[in-house]
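Data first, discussion second: the structure below is written as structure tokens.
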Amino acid sequence: MTELSTHQHGGLNRGRHVSIVGGGIGGLTCALAFARSGARVDVHEQAPEIGEVGAGIQITPNGARVFEALGLDGAAVEAASIKSKAVLPMDGLTGRQITRFDLTSLDGPAYRFYHRASLIGLLLDACRDAGVVIHLGSKITVDEVDGDLVVGAEGIHSQTRALLNGLQEPFFTGQVAWRAMVDAPDADAVARIWMAPNRHVVTYPLKGGLLNIVAVLERQQWAPEGWAHPDDAGNLRHVFRDGAPELKGILSKVDEVHLWGLFRHPVAEQWHNDTVAILGDAAHPTLPFLAQGANMAIEDAFVLSRCCDEAADIASALATYQADRKPRVSRAIDAANANARNYHLSGIRRGLSHTALKIIGKTAPNAFLNRMDWLYGCDVTTDRR
Ligand SMILES: Cc1cc2nc3c(=O)[nH]c(=O)nc-3n(C[C@H](O)[C@H](O)[C@H](O)COP(=O)(O)OP(=O)(O)OC[C@H]3O[C@@H](n4cnc5c(N)ncnc54)[C@H](O)[C@@H]3O)c2cc1C
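Plus 118 on top of the position in the sequence shown (first one is 1) and you've got the numbering used here.
Shown next as structure tokens:
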């Protein structure tokens, strides 16, 4: 385990009481960060068990640096995840690999693929070891709990966001996503992005010989009765019926699949009052096309804890937290929106974009990592930001 970064803090969290509403990735990381810096922490989760949807999640080096600083590294991380070697943009119609963005020369902790249940399990064990008290089946609002600080980490339906900003209904982004997992014991440790007009598929391996699949389609309507529901795998295969044989081979193995409408809010105007703050999807839900929603929640959690640890006055710490986080999160959301457009190009723009990617891959192999350095290279646990 690396030396915990609490030594860099001011130490003012010691003895404080922090209550967190929501035990997702953001809420649990926040709980761990405060507990590591000496606070007494309660987490309230509405579900009877802490859990996650059966799907994968990509934790990029910027998120992994926070985990390292909180002592989540080494054998436990190795056992729960796969280290990614590369991102491969693919032509989803022909199956041609357009280029290879190598990740092996990344500085610092690796880019990793986790099963969500394994990631939540790691966080939960670490929280319990650090003395965090977890209240299950506790559906509450921030008004109902005490604390020197109360954190709303309830995800996109956050009532705390509504308390701070007024009620804003999330809007449908015009994209739906199928999520599935299939057996693939020989899958290589890379993420493939299979791009096609108006749609794409991302595949990557998980521990246990599984391949995680997220397939996205632009669609105008979404059934109002729910946000996610089981779907017929035939509908997914139909959408990619003109896809590359390798892609169709993967989709032919899908048995169980869920369909999600992708909703979001604009980044919240106000992330705090004097004693209450929001983080993660509660403050800034994002499209998943840069794999940063959870990574940003993880960064938020660390920065919130550090700002409080360095300030005697919680209200001023929360203002510093918002000022620090809002520009970075907004940039990540803009970049995810741009990926949505770039992945789904059609006609001449699609051909031009693939050619450009190919040339860049050949002539400037480090261009991808250089372009992503603002994101992956950022270390919110130190001053490299
Ligand atoms: C298809 C898809 C793929 C994605 N892939 C990635 C990826 O690879 N990498 C990445 O970084 N991000 C990814 N994301 C985004 C990521 O899943 C989210 O951004 C992240 O889970 C948000 O975490 P959170 O803790 O803020 O909120 P949530 O995960 O929504 O957690 C909120 C928790 O609060 C609880 N809760 C809600 N209301 C209450 C209440 N009143 N009282 C008590 N508890 C309450 C909920 O039950 C839940 O447990 C993806 C998203 C999608 C849709």
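The beta-carbon is built from N, C-alpha and C at its ideal position, and this holds for glycine as well.
In this structure, the C-beta of K257 approaches ligand 1 to less than 6 Å from one of its heavy atoms.
In the structure shown, D191 falls within a coil segment according to DSSP collapsed to helix, strand and coil.
In this structure, ligand 1 has a non-hydrogen atom nearer than 6 Å to the beta-carbon of A165. Short of 8 Å from the beta carbon of Y494, and not among the five residues preceding or following it, lie these beta carbons of its own chain, in chain order: T178, P179, N180, L224, Y229 and L487. Taking the Cβ of N131 as the reference point, every heavy atom of ligand 1 lies at 6 Å or farther away. Residue side-chain check: E272 places its Cβ nearer than 6 Å to a non-hydrogen atom of ligand 1. Under the three-state reduction of DSSP, K201 is assigned to strand. For secondary structure counted as the beta strand (DSSP E) over 3 or more consecutive residues, the stretch 286-351 holds these complete runs in sequence order: 289-301, 308-314, 317-324, 328-336 and 346-349. In this structure, the CA atom of D399 is about 23 Å from the CA atom of D243. For D442 and V498, the gap between their C-alpha atoms comes out near 10 Å. If the five residues before and after M208 are omitted, its C-beta is found closer than 6 Å to the C-beta atoms of Q215, R310 and W312, all from its own chain and listed in chain order.
Between N457 and L408, the C-beta gap is smaller than 7 Å, which places the two residues in contact. Not one heavy atom of ligand 1 lies closer than 6 Å to the C-beta of H233. Nearest Cα to G174 within the set T217, P303, Y232 and G133: Y232.
Taking the C-beta atoms as reference points, A248 is found no nearer than 7 Å to I138. In the structure shown, Y229 falls within a coil segment according to DSSP collapsed to helix, strand and coil.
Under the DSSP assignment, Q176 falls in the beta strand (DSSP E) whose first and last residues are G174 to I177. DSSP places D160 in the uninterrupted beta strand (DSSP E) bounded by R158 to E163. If the five residues before and after G411 are omitted, its C-beta is found closer than 8 Å to the C-beta atoms of G398, D399, P403 and T404, all from its own chain and listed in chain order.
Per DSSP, F358 lies in no alpha helix (DSSP H) and is assigned neither H nor E.
G255 and I168 have their C-alpha atoms some 9 Å from each other. In the DSSP assignment, I143 falls within the unbroken alpha helix (DSSP H) covering I143 to R154. When the Cα atoms are used, R134 and G265 turn out to be separated by approximately 8 Å.
Only residues of its own chain outside the window of five on either side were considered, and among them L146, A149 and L150 have a CB closer than 6 Å to the CB of C245, listed in chain order. DSSP places R382 in no alpha helix (DSSP H) but in the uninterrupted beta strand (DSSP E) bounded by V375 to R382. Taking C-beta atoms as the reference points, L436 and H383 fail to come closer than 7 Å. Take N460, set aside five residues on each side of it, and the residues of its chain with a beta-carbon closer than 7 Å to its own are S471, in chain order.
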